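Numbered per our numbering, the sequence shown spans residues 50 to 512.
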Amino acid sequence: MSGLRASIRGLRTTFRPALPIPPIAHTVREAEKIAAFAPGSDAPRLGKDYNRVARDILDRVIATGELTRREARDAAWCLWETKPELASSRPVVTSLIKATETSGRKQPFRALASSYIASYAPDRAGIAEISAVLMRLAINMGQPWVSLQNELNLFHVLEGPQNLARNAIERGISPTEVLSAYGLGALNVQSGFAKFCITRALEQIRDGKQLRHDVRLEFVTTFALREGRELLFEEHAPLVADALLLPFGSETPDESVTDRFLAVLLRLFGDPRSQPTKWARMREAAAIVRRWLTKQSLRQFLEVVDKTADDRMWKYRRPFWSAVYERGLISDAWVVFAPVGVRVARRTFGNEISFATFAGGTVQNDHAVLLLRIGRGVVAEWSHSGKCVIWNDADALGAPQLHAPTYHAAALRSPYHADSSLSDPVFAVTHGGSEKYTWQQKVAAKLHQMTSVRIAQHEYLVN
């Protein structure tokens, strides 16, 4: 016994806190939520100092090597969240398992099961041993534990969360709602077990394509977000983005679908074009979002200007730039709006969309500029009576960079000497002769020079 006592005293010395620790640990708070509505579950007593209880239990094991039924119940709440963590002591875990198995009562099991769910993580000390004893005892411990173990193998340290996640996906509800249906009604969404189940569910959604896109969006926002607006667990960010986006693959869905997904993703992580660091952990998902945003920016410009520009003039612009997009020439897009455009864009696309505004220079109240990356160059397409300006080299001095929050109007206009010559570094053309496709042919020729792709007139004809 002297070696055992020395080992436990060492554990106690190692984990004794240097500063006072609040008496109600995270485990206690989570377990109280479980027990509040779950028949057959258990909870620790509010206000009890479980850090002190943990130290007393260590003393008890040092002295006797055994635990009473009451001490076993208390020890369950001291396994992972107190100082010291009793799960780190094999002698204490052994004594707790023995007391739970031989008590002949349900209370120690219920305490252990509730603590396990509240603090679950697959790599915690002692979790495999506690999992094994719960699996053995669950079938004799009444509801909801019997059904949970028989139907979900809930207490298996790895299969339990996996099975619960799969069941949740099949039923189209969250893991916590599945457990609630079994009678474990107050499993907190931020308990350890719920967190790991959400992880597994997100992985299954990411790796499968069986859910309709709208169902997947609803499912992920329901169980992985708080009120649909922020992540329950920050570390789930890559999984949430991947679960929402990777099942699309190379598909670009209807605009109504992309707009709904983008509204959620931009609210959570920002725009990857202007806030790339927030997307650093999910590069594949970011590439999909950037592709969708390119099309959405083009739509922003076309649809907003549709509502503010002269119909006779504007009806020729939309077919032309739509044809350029459909040929795959536009690798990136960004829009700059004056005040009228800002209001219309927010009303049309929602508050989560990204665009720039004018900061200085002479512009009309309803002006807008569409900035496009095409080949190595950059295009500034002005609305209304403005010009189409193309810089051969997007990195050249004076060429506008995409994704700035504001622009001076002069920075988006052509130098005074620029014209429609294909040999100059800056190309500029007015939108005259739309009905005869005059400016369209000039711009198409410039784009062909830049990309070797020719946009034929029939691709942008106006009927």
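Where a beta carbon is used, it is the ideal one built from N, C-alpha and C, also for glycine.
Please read all numbers here as calculations on a predicted model, not as lab measurements.
Residue range of the unbroken beta strand (DSSP E) whose run includes residue i
| i | result |
| --- | --- |
| A445 | Unbroken run through A445: none, as it is neither H nor E. |
| W431 | G426 to W431 |
| W440 | C437 to W440 |
| D381 | I379 to F386 |
| A329 | Taken as a continuous stretch (DSSP letters only), A329 belongs to no beta strand (DSSP E), as it is neither H nor E. |
| I423 | A417 to I423 |
Span of the alpha helix (DSSP H) around residue i
| i | result |
| --- | --- |
| F350 | R332 to D355 |
| L317 | E304 to F318 |
| F404 | Premise fails: F404 is in no alpha helix (DSSP H) and is neither H nor E. |
| E178 | I176 to L186 |
| A217 | E208 to R220 |
| A290 | A286 to L294 |
| I265 | Ile is not the amino acid found at residue 265; the sequence shown has Arg there. Start and end: H262 to F272. |
| A35 | The chain is shown only over 50 to 512; residue 35 falls outside these bounds and no answer can be derived. |
| R462 | Note, R462: premise wrong, no alpha helix (DSSP H); not H, not E. |
| R367 | R366 to E375 |
| G241 | G241 to D256 |
| Q198 | W194 to L201 |
Cα-Cα separation, residue i to residue j
| i | j | result |
| --- | --- | --- |
| L280 | L317 | 7 Å |
| T62 | V142 | With a pLDDT of 40 at T62, under the threshold of 50, the predicted position of this residue should be treated as unreliable, though the coordinate-derived value follows. Their backbone Cα atoms lie some 18 Å apart in a straight line. |
| T343 | I379 | 8 Å |
| H466 | Q324 | 36 Å |
| A460 | L266 | 40 Å |
| R154 | L95 | 22 Å |
| V77 | A160 | Summary for V77: the model assigns pLDDT 46, below 50, so the residue's position carries little reliability; its value from the coordinates is reported in the next sentence. Going from the Cα of V77 to the Cα of A160 covers about 11 Å. |
| A329 | Q211 | 28 Å |
| R220 | G232 | 16 Å |
| T113 | S144 | 10 Å |
| V438 | R462 | 7 Å |
| I222 | Q259 | 15 Å |
| Q345 | W126 | 52 Å |
| V412 | V391 | 14 Å |
| W341 | G377 | 13 Å |
| Q498 | L471 | 8 Å |
| Y169 | S240 | 8 Å |
| E226 | R396 | 36 Å |
| I247 | D98 | 31 Å |
| N512 | G319 | 40 Å |
| S305 | E333 | 22 Å |
| A124 | I111 | 14 Å |
| K436 | V502 | 22 Å |
| S300 | G191 | It should be noted that the sequence gives Glu, not Ser, for residue 300. Cα to Cα, the separation comes out at about 49 Å. |
| W440 | A494 | 14 Å |
Reference residue i; option with closest CA among the options
| i | options | result |
| --- | --- | --- |
| V206 | F242, L186, L471 and D415 | F242 |
| V102 | T131, A292, E115 and K485 | T131 |
| F158 | M184, G175 and I423 | M184 |
| P296 | Q192, I337 and V353 | I337 |
| I504 | L314, V511 and Q490 | Q490 |
| A148 | A429, Y465, I106 and A170 | I106 |
| R249 | A230, V289 and S144 | V289 |
| I176 | G209, W194 and Q192 | G209 |
| I179 | G409, F245, W129 and S299 | W129 |
| D291 | D308, S152 and V269 | V269 |
| R119 | S152, A230, P133 and R173 | S152 |
| Y509 | G424, G409 and W370 | W370 |
| L201 | V313, N216 and G191 | N216 |
| E284 | L251, V264 and F310 | L251 |
| A443 | S432, G424 and K436 | G424 |
| A187 | A174, K495, A170 and Y165 | Y165 |
| A429 | T411, V412, D415 and A448 | A448 |
| H433 | H262, A286 and L351 | L351 |
| L479 | V264, D468, N414 and H416 | Here the sequence assigns Thr to residue 479, which means Leu is not the residue at that position. Ranking the options by Cα distance to T479, first place goes to D468. |
| G426 | A405, Q450, G409 and F404 | Q450 |
| R322 | A405, E115 and V354 | A405 |
| E375 | N400, R348 and N512 | R348 |
| V353 | V389, A286, G319 and D381 | V389 |
| Q506 | Y486, Q253, K244 and I146 | Y486 |
| L496 | G191, L203, F476 and N414 | F476 |
| L420 | G410, A394, D381 and M331 | D381 |
| E115 | R139, N414, G435 and P287 | R139 |
| T43 | S305, D303, T307 and A286 | Here the chain comprises residues numbered 50 to 512, so residue 43 is not present and cannot be evaluated. |
| G257 | P224, F272, F282 and L294 | L294 |
Checklist line | In chain order, each beta strand (DSSP E) run of at least 3 residues that lies wholly inside the segment 90-173 | finding: none
Next item on the list: Spell out a yes or no on whether the segment 371-387 and the segment 449-457 are touching, meaning 3 or more CB-CB pairs, one atom from each, closer than 8 Å.
Entry: Between the segment 371-387 and the segment 449-457 there are three or more inter-stretch CB-CB distances shorter than 8 Å, so the stretches are counted as touching.
Notebook entry, point to check: What alpha helix (DSSP H) runs, 4 residues minimum, are completely inside the segment 474-501?
Noted result: 487-500
Note to self: Pairs of beta-carbons, one from the segment 365-380 and one from the segment 269-279, closer than 8 Å: are there three or more?
What the structure shows: no
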